[in-house]
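With the working numbering as the guide, the letters of the sequence shown map in order to residues -3 to 358. For each residue, glycine too, the CB sits at the ideal point set by N, CA and C.
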Amino acid sequence: MFALAARKMGYRVHTVDPTPDSPTGQISDREFNVPFTDIPTLIEFARGVDVVTYEFENIPVAALDALAPNVALRPGRDVLYTTQNRRREKEFLQRNNFPVAPFRVVQSEAELRDAVALLGVPCVLKTADFGYDGKGQQKIYDPSELDVVWRQHGAKVGVVEAWIPFAAELSVVVARGVPDKDGINPVQVFQPTVNVHENHILATSVAPAPLAASIISRAQHLGAQIAEQLDVIGLLAVEFFLTRRGELLVNELAPRPHNSGHYSFDACVTSQFEQQLRAVCGLPLGDTRLLSPVLMRNLLGDVWENGTPNWPALLALPGLRLHLYGKSEPRVGRKMGHYCVLSPSLEQAWELDRQAQKILVG
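As C-alpha cells, this is what we get:
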C-alpha cells in the first residue's frame, strides 16, 4: 500500500525483502531478495535510491548502520533501535515520563520471582526481542510455576508487565515530517481507532473511536509528544490501553504504517501510506480528516480453510472495500488482507461486517 501510494505520486520504488515476489516487490522497479545481513547488497540498494524507509521492526541495526552513511534513512537508526526491543522501549517511555504499565526487566528465574512478587498475578512475561502478534508472551497466573515459565521463556532477558484490566485498546498514527526553514517539524495525527484483538492478533479497528473527546485528544497529544521525543521522521503508531479509571497507558510503539491505520487508505483524505511517503520525502504533510465512519477487519489465512472465499458475494455488500496483499500462501493466523466497511454510522458498519462474516466463515 505504501508502494501504491508512491506510484500514484510518480515515484519509483526499490525493495529489499528476503522472500521473492513479496507484496511490495510485485509492484517495485527492482526487488533485492537477500537477507538483511547482506551488507554489500544493502549498500548497492542504498546507492540506487534517494530515501529509505522500513515497514517492520525486526531488521538488524547493523543493516541500518550500513545504510545510514549512504542514503537518507527515515525514521532514523536510533528510532528502530529503541522500538524493536521491549526493554529499551519501556525504559525510554519511563525515562521520559510517558504513562506505562508497571514493569520489571528480568534476566534470571530469581529475578522473575522478585518481579512477580512485586507486580502480582496475573502478569505477563514477554521476550525483549521479536515480539509480534502475541508471540513470545506468557501470562502468569501461579507463582509456583515460575521455574517452568522461565524455561519456556528460553531467552536471556525478559520484561514482566503488570496485567492491566483495560476498558478498551486504542491506537493512533502520528506523522512527523522533515524540519521546515524555521527548524520546525510538521506534525499530523490521524483519528485514533478502537481495536479488538483475537488470539493476540488485531481483528477489527473502528473510527471515529467511540470514546470521550478528552480521551481522543489525550491519545493524539501523547502520540505527537512521543514522536517528537524519539525524533521520528516518518510515521509512529502508538498503542494504548484505556484503563477502567479512564487513564491511558502506552503499550507499544511501531515506527511505521500500522495495521490499525489501514482504514485510512479508504476513509481519509490522506492515507497513512501517502503520509509516510510525504514525510520521508520532505513533502508537506496531508490532511488526515476522516471522510466516513469506517470499520476495518483483518482477513487471516483461516478464511481460506475451505478454499477460496466467496469474494463476489463479499464485494456485493455496499460500502465494502477489499484489499488482498498478494501473499502466495494462506496460513492460519497469517494476515492475507483486510476489508473496510464505510457507512454513515458505526452501527451500520458493524451490521455489514456481520453480513460479511457470514459470507466468509458462516
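Note down the Cα distance separating S267 from E105, rounded to an integer number of angstroms. Answer to the nearest angstrom: the Cα atoms are 45 angstroms apart.
Can you check DSSP and say which residues form a bridge with T189? Answer is S167.
Whole-Å CB distance - H334 paired with H258, under 8 angstroms assumed: In this structure H334 is in contact with H258, their Cβ atoms being roughly 6 angstroms apart against a cut-off of 8 angstroms.
Validate contact between the segment -3 to 9 and the segment 20 to 32 using beta carbons, cut 8 angstroms, 3 pairs: The segment -3 to 9 is in contact with the segment 20 to 32.
Specify whether the segment 265 to 280 and the segment 88 to 99 touch according to this definition: at least 3 beta carbon pairs, one from each stretch, less than 8 angstroms apart. With a cut-off of 8 angstroms, the segment 88 to 99 and the segment 265 to 280 do not count as touching, because too few Cβ pairs lie within range.
Residues near A59 in its chain [Cβ-Cβ closer than 8 angstroms; skip 5 each side]: Around A59: F32, T33, I35, L38.
Cα-Cα, which of A203, G6, N247 is closest to K122? That would be N247, whose Cα lies nearest to the Cα of K122.
Using DSSP's beta-bridge definition, name the partner residues of C264. The partner list for C264 (beta bridge, DSSP) reads L286.
At a cut of 8 angstroms, does the segment 320 to 331 reach the segment 289 to 297 through at least three beta carbon pairs? They touch, by the three-pair rule.
Give a yes or no on whether the C-beta atoms belonging to V155 and R83 are separated by under 8 angstroms. Yes, these two residues count as a Cβ contact at 8 angstroms.
With a Cβ-Cβ cutoff of 8 angstroms, do N29 and T15 count as a contact? Contact: yes.
CB-CB length for L338 against V290, believed under 8 angstroms: At roughly 5 angstroms, the Cβ-Cβ gap stays under 8 angstroms, so L338 and V290 are in contact.
Looking at C-beta atoms only, is the number of pairs between the segment 222 to 229 and the segment 189 to 205 that lie closer than 8 angstroms three or more? Contact between the segment 222 to 229 and the segment 189 to 205 is absent, with fewer than three C-beta pairs closer than 8 angstroms.
Among M292, W300, L63, which residue has its Cα nearest to the Cα of L348? For the residues M292, W300, L63, the minimum Cα distance to L348 belongs to M292.
Pick from E165, L311, R327 that is closest to G242, judged by C-alpha positions: Of the listed residues, the one whose Cα sits closest to G242 is E165.
Could you please give the first and the last residue of the uninterrupted beta strand (DSSP E) stretch that includes R317? It spans 316 to 320 - the beta strand (DSSP E) in which R317 sits, taken as one unbroken run.
Does the structure place the segment 170 to 181 close enough to the segment 135 to 155 that three or more beta carbon pairs sit under 8 angstroms? Fewer than three pairs of CB atoms, one per stretch, sit closer than 8 angstroms, so the segment 135 to 155 makes no contact with the segment 170 to 181.
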